[in-house]
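Okay, so here's the structure we're looking at.
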Amino acid sequence: MANDARGSIVLTADMRAVIRSAHLCFAATVTPEGLPNLSPKGTIRIWDDHHVFFLDIASPGTRANLAVHPWMELNVVDQLSRRGYRFFGHSTLHASGEIFERAVRIVVGEEKARYPVESVVLLEVHRAAPLISPGYWHVADESAMRAQWRERRVALEREFEDHLKLQGVFRVDR
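The sequence shown begins at 32 in the working numbering and counts up by one.
In structure tokens:
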């Protein structure tokens, strides 16, 4: 991963592909009291060669933490490939303005959904490290891993849907 003159890294093609494939990432921040906080984020996107962003939709804790401690880490993993990246860097919050408007437009344009966005979190990536499942010790390559987990996900999703039906939360017609 090449660093540029500012100290941020340049996102590689593979990093970009993993980010685009991820439906969810996890944001690690630190509370004002110094305690760890981990929060799921479902709108991660690439901003440019050095930045990623997500929409702050329902994240008052993350927003409060970043206002005090702007350094954070995002973990992004492709669920089927069971690999991804840890992105560490400095964040900025944008509650209005050009960055806010453009980021909201990007996500709404892709997802065709309107969210009550409080702010946009823009992360300048200073470090990135790969995340790779130990499952690769037993599986030949990434295509085999994806096939194995695609098959397994069907059973896991069916099991969870059955659980939801028992709870009366979810109705599935098969």
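All C-beta atoms in this analysis are idealised placements derived from N, C-alpha and C, irrespective of residue type, glycine included.
Along the chain, where does the alpha helix (DSSP H) containing residue 194 start, and where does it finish? Run containing residue 194: 173-198, per the alpha helix (DSSP H) assignment.
Starting from the Cα of residue 43, find the closest Cα among 54, 145, 83, 58 and give me that residue. With distances taken between Cα atoms, residue 43 lies closest to 83.
Does the contact criterion of 3 or more C-beta pairs under 8 Å hold for the segment 48-68 versus the segment 107-127? yes
Distance between residue 61 and residue 86 (C-alpha atoms, nearest Å): Cα to Cα, the separation comes out at about 19 Å.
Outcome for residue 72 when other beta-carbon atoms lying within 10 angstroms are tallied against a minimum of 16: buried
For residue 146, three-class secondary structure by DSSP: Residue 146 falls in the coil class under three-state DSSP.
Looking at the structure shown, is residue 40 part of a helix, part of a strand, or coil, going by DSSP? strand
Do residue 165 and residue 114 count as a contact pair if the criterion is CB distance below 8 Å? Judged by beta-carbon spacing, residue 165 lies beyond the 8 Å limit of residue 114, meaning their Cβ atoms are not closer than that value.
Considering only the alpha carbon of each residue, which of 146, 153, 79 lies closest to residue 102? 153
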